[in-house]
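J.: There's a structure below that I have some questions on.
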Amino acid sequence: MTRIKGIINNSKLTEIGSFFRRKTDAEWRINVGLEPAQKKTFLSLSQLPLVARKKVLNATEGTYPAGYPKHIVIDGTHLWDIARVSDCPIPVVRAGDNGKQWCFVFEQQGIHFYLPQLELARVLFFHHAYMARLAMLNQGISKEFDVEHTDDPDQVNIHLLPSCSLPKFIRADYSLRRILAWIILDPEIRQSFDSISGQLLNDCYETTHYFLWDFRFSPPRLEQTQLDLRGHFDKERKVFFVYQIHGVAALPGHCPKKVNFIDPAYTENQPGSGVLAPQGVASGTDLEIDEDENPGADGNTKKIDVEILTFEFAEPFETTRKGREGTASGKGEQDENDLPLSERTTVSVSTDETTVQGALPSADFDGIEDNSDDVHLYAGRFDAFYRMIDKLLTLPDCERVTATLRRLPALKRRTRHLLSDGNPRCIAFQLLQRKGQQYALLEVDTSDNQTRLSTLLIKQPMTASEWVAFLPELETLLVKKSLSWPGSFLKTQCSNKLERLSHPKTAVDGHSFFDQEAINRWAERVYAAMR
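Each residue of the sequence shown is one higher than the one before, counting from 1 in full-length UniProt numbering.
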C-alpha cells in the first residue's frame, strides 16, 4: 500500500485547482479538493502522476474507476477549442476551484467533450514526479540530456549529462526509456512539452504572498490517437466531462528506429557479472509519501507502483542503455524485491527533488504498461538461430509449420524477463515437421551473458490450442527458475520426448554470430535429434 501523509484513508479527489507557490519558496504545489473535507488542501508538484479527478487516494482496498467509460479516436487537436471548466454545461462539474481551470473542447459522435488540459498533459508527460518537475523548468530537457545524431539516420544517441537526476529504474526499463525518448526526440512532442514552462512564464499571476497559475499547454496533434476515458456523461445535454484517461493507443511518433541512452553511471555487463536491472521497492512494502521532507541524494530511487496507464505506439522503436565497459565482478546489485518478508517494513519516502540535506529515501512513480507491438525489434538477436533454421529447412523431409517470437512474462520479484540493459528478453518458437512428426524448437535470448541455456527440442504432438496453453506456462516457469528449463514440468508434460542441444562453440568476440560451418553443424545436430 502507498499513502500520502496527512490525507485521510480512502479520500476522493473531487477538485483540481490552480498551481501556486509562495514568493519565498521555489516549490510549486497544486490546490485540490478532497472528500471527506480535511485540513489537507494541496499536493506537491511531485504528486502530479496521481492527480486525476475522482481518484481515491490512500485506498485501503481495491477501488473501481469512477465515471462512464468511453473510447474515442482523435481527429487532431488542432481542431479543438479551449474553454474554462466553468463553461461546461454540467452543473456539478462547474463547482469549486475546478471552474477556473482550462479544458480542451471537441465534438465526437454527437457529444461535446470537455477534457481538462492537465489530464491530457498528465497522461502524455507526467508519468513520474521527475518529469512533472522537469516540465516546469525552462528548457528543462536540454539541462538533463544532450542529443547526438550519428552517421546512421536510423540511430540516435541521447547522453545523460552529469547533472541528470533521471531515476535508475527509468534508465533500466525499455518501455519507460521509449516514452522518454519520444518526448525528447519527436519535434512536435518536444515542443508540446516545452510549452508547459513557456505558458507558466506567460500566464503566471501574483497576489500579495503567492504566484499562481492555471495550467495550460499546447498539445501535439495526436491524429488518429485512441483514448480510453472515464468521466461524467450527461446524456440529456450530450456533454461528457473527462475525469481520467486510462489508456492511449495508436500514438504517432517520429523517432529513429534505435535510440541509445548513453549513461555514464551504467557499467555494461561482461560474462559472469550477474548485474541485474534495479526493480525498486520490495513487494508488499508499505510506503508513506512525506511531502514535508526532502529525499537524500544517494542515487537510489524506490519505485512506487500505481494505477496502470496503458500506452501503445503506432510505430514503436528500440531503446538501449549503454555506458562504460566494465570487468566481471561476479557480484550483482541486490534486488530489493528479493528481501525476505521479515525485512520488509513501512517506509517513509519523498518524491520531491533530492538534496544533500535530505533525510528520506527517494521514490518515484511507475504506472506505465507499454502494449506496443514491438517484438519484431528484437528478432535480430536470434540471427544465428534463424540461420540454423534456414539451413535445417533445406534438409530432406523437414518443413516449418509455424513460428513466433514472444517476450518472456514480467513477474513480481523477478528480473530475468529483462536483459541486463532493461530490454525485454524474448523466446523464439519454431514448430517443425519431419516425416509427419512435429517437433517444437525453443531458443531463449541470452545475449547479455547472464546464463547459458541450451536450445530445447520437444517431440510432442499437440494441437494449436494446446501449444497456446503450454507456452505461457513454460515461459513463466523459465523466469521463475532464473532461466533454467523447468525439468519437472517438461517431464510431466512431454515425458522423455525432449532434448537439450548445446550451441556452437565458435562464437566471435563473445557475441551470437557464428561462421556458416558452425551453423551447418548445429542444424545437422538438430536434424539428427528429430528422429
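By construction, the Cβ of each residue, glycine as well, lies at the ideal position given by its N, Cα and C atoms.
Between the Cα of Thr-319 and the Cα atoms of Pro-424, Arg-387, Leu-222 and Lys-505, which residue gives the shortest distance?
T.: Nearest neighbour of Thr-319 by Cα position, chosen from Pro-424, Arg-387, Leu-222 and Lys-505, turns out to be Pro-424.
J.: So, helix, strand or coil for Asn-260, using DSSP?
T.: strand
J.: With DSSP collapsed to three states, give me the class of Asp-445.
T.: coil
J.: With distances taken Cα to Cα, identify the nearest neighbour of Gly-110 among Phe-240, Met-462 and Gln-438.
T.: If you compare the alpha carbons of Phe-240, Met-462 and Gln-438 with that of Gly-110, the shortest gap goes to Phe-240.
J.: If you count every other CB in all the chains shown that lies within 10 Å of the CB of Pro-472, and 16 or more means buried, which is it?
T.: exposed
J.: Which residues does DSSP pair with Glu-473 in a beta bridge?
T.: In the DSSP output, where bridge partners are listed per residue, Glu-473 has none listed.
J.: Can you give me the Cβ contacts of Leu-393 inside the same chain, cut-off strictly under 7 Å, excluding the 5 residues immediately before and after it?
T.: Glu-399 and Arg-400
J.: With Arg-190 and Ile-184 assumed to form a contact (beta carbons below 8 Å), what rounded beta-carbon distance in angstroms separates them?
T.: Indeed they touch by this definition, with Cβ atoms about 6 Å apart.
J.: Can you check DSSP and say which residues form a bridge with Arg-21?
T.: Phe-211
J.: For the alpha helix (DSSP H) that Gln-199 lies in, which residues bound it at each end?
T.: Run containing Gln-199: 187-203, per the alpha helix (DSSP H) assignment.
J.: Do you know offhand how far His-159's Cα is from Ile-16's?
T.: Looking at the backbone, the Cα of His-159 and that of Ile-16 are separated by about 36 Å.
J.: Can you look up Glu-336 in the DSSP assignment and give me helix, strand or coil?
T.: Caution is warranted here: a pLDDT of 42 is assigned to Glu-336, below 50, making its placement in the model unreliable, and no coordinate value can be reported.
J.: Cβ of Pro-486 within 8 Å of Cβ of Leu-501?
T.: no
J.: Helix, strand or coil for Gly-280, going by three-state DSSP, please let me know.
T.: With a pLDDT of 48 at Gly-280, under the threshold of 50, the modelled position of that residue is not reliable, and no figure is offered here.
J.: Have a look at the DSSP bridge pairing and note the partners of Asp-151.
T.: Answer is none; Asp-151 lacks a bridge partner.
J.: Which whole runs of the beta strand (DSSP E) in the segment 383-440 are 3 residues long or more, in chain order?
T.: As far as the segment 383-440 is concerned, its whole beta strand (DSSP E) runs of at least 3 residues are 398-407 and 426-434.
J.: Comparing C-alpha positions only, which one of Ile-458, Gln-450 and Thr-267 sits nearest to Ala-529?
T.: Ile-458
J.: Would you check if the distance between the CB atom of Arg-3 and the CB atom of Glu-288 is smaller than 8 Å?
T.: yes
J.: Spatial neighbours of residue 601 within its chain, please: C-beta separation below 6 Å, excluding the five flanking residues on both sides.
T.: Absent from the model: residue 601. The displayed extent of the chain is 1 to 531, so no value can be given.
J.: Taking 8 Å as the CB-CB cut-off, is Pro-316 touching chain C?
T.: Of the protein chains in the structure, only one exists, and it is not chain C.
J.: So, with DSSP's three-state summary, where would you put Gly-247?
T.: strand
J.: Apart from the five residues just before and just after Ala-410, which ones in its own chain have a Cβ nearer than 6 Å to its Cβ?
T.: His-417
J.: Quick one: what's Pro-116 bridged to in DSSP?
T.: Here Pro-116 is bridged, per DSSP, to Cys-103.
J.: My assumption, with CB atoms under 8 Å, is that Phe-169 sits in contact with Asp-366. Please give the rounded CB distance.
T.: 7 Å
J.: Are the beta-carbon atoms belonging to Asn-98 and Asn-58 less than 8 Å from one another?
T.: If you check the CB distance, Asn-98 and Asn-58 do not come in under 8 Å.
J.: Going along the chain, which residues of its own chain have a beta-carbon closer than 7 Å to the beta-carbon of Arg-22, five neighbours each way excluded?
T.: His-209 and Tyr-210
J.: Leaving out five residues before and five after Asp-186 in sequence, what residues of the same chain have Cβ atoms less than 7 Å from its Cβ?
T.: Counting only Cβ-Cβ distances below 7 Å, and skipping sequence neighbours, we find Gly-253, His-254 and Cys-255.
J.: Spatial neighbours of residue 555 within its chain, please: CB distance less than 7 Å, with the 5 preceding and 5 following residues excluded, ordered by chain position.
T.: Nothing in the structure corresponds to residue 555, since the chain is present only between 1 and 531.
J.: According to DSSP, Asp-364 sits in a beta bridge with which residue or residues?
T.: Lys-303
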